[in-house]
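What follows is a single structure, written as structure tokens, with notes after it.
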Amino acid sequence: SQGRRHELWVVLTIIILALLTGNVSYKQITSFCKAEEEKLIKMLSITSKTLPSYSTIRRVMLGINIIDIQSILTSIINNYYSKKSQEDWIAIDGKSLKNTLTDYEEKSQNMLNVVSWFSQETKLIIKVEIQENKKKSEIAVVLSMIENCDLSNKVFTLDALHCNKEITKT
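Residue numbering for the sequence shown follows the numbering used here, starting at 8 and increasing by one per position.
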């Protein structure tokens with residue numbers, strides 16, 4: 008089995024399918040491959056009759072530049088979203104990524120947060136920004152995102168964290 012090659016589109020498709028079914032770690036994705044092996048080989052018309060190994064999945068995932076993927080997806084979504092002209096309600100929320108937590112023992116812990124905008128009209132996430140706790144607060148990120156967008160025909164919903172004068176002025 009060593010030295011076997013898998014086409015990149017096959018590996019990426021398997022990773023996406025695994026992620027969509029809640030398998031988020033390398034080990035879980037590999038287990039997904041084993042559990043669904045026959046179906047995946049048939050569905051993807053894989054001629055080698057074998058699926059990528061743990062090492063292959065890990066190598067491919069480590070080679071993915073998530074910032075580039077985010078940029079491409081944001082561009083595609085914004086192109087679609089900009090064609091909509093009706094009023095839109097946008098839910099803005101930040102979520103902490105638990106596996107990025109550092110400084111466990113300190114009072115002020117550092118972690119990455121994802122601030123996203125969800126369009127209730129299109130059911131799409133239309134903006135995403137990643138923020139590090141120690142460098143910038145979620146409030147500052149949201150304020151910056153609102154200041155840098157076209158506000159016409161938009162109603163924003165945010166959680167209580169954002170009930171402050173700076174946000175309401177914009």
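The C-beta atom is built at its ideal place from N, Cα and C for all residues, glycine as well.
In the structure shown, Gln127 falls within a coil segment according to DSSP collapsed to helix, strand and coil.
Exposed is the label assigned to Gln116, since fewer than 16 other Cβ atoms lie within 10 Å of its Cβ. When secondary structure is reduced to three states using DSSP, Asn117 falls in the strand class.
The way I'd put it, the segment 39 to 46 doesn't touch the segment 101 to 119; fewer than three beta-carbon pairs between them come closer than 8 Å.
Taken atom to atom, the span from the alpha-carbon of Ala167 to that of Ile48 is near 48 Å.
Between Val17 and Ile64, the C-beta spacing is not below 8 Å. For Val31, the three-state secondary structure derived from DSSP is coil. Residue pairing by DSSP puts Phe163 in a beta bridge opposite Ile97. Taken through DSSP and simplified to helix, strand or coil, Glu136 comes out as strand.
With at least 16 other beta carbons inside 10 angstroms of its own, Thr37 counts as buried.
Between the alpha carbons of Glu145 and Asn72 lies a gap of roughly 23 Å. The criterion of a C-beta distance shorter than 8 Å is not satisfied by Met118 and Glu136.
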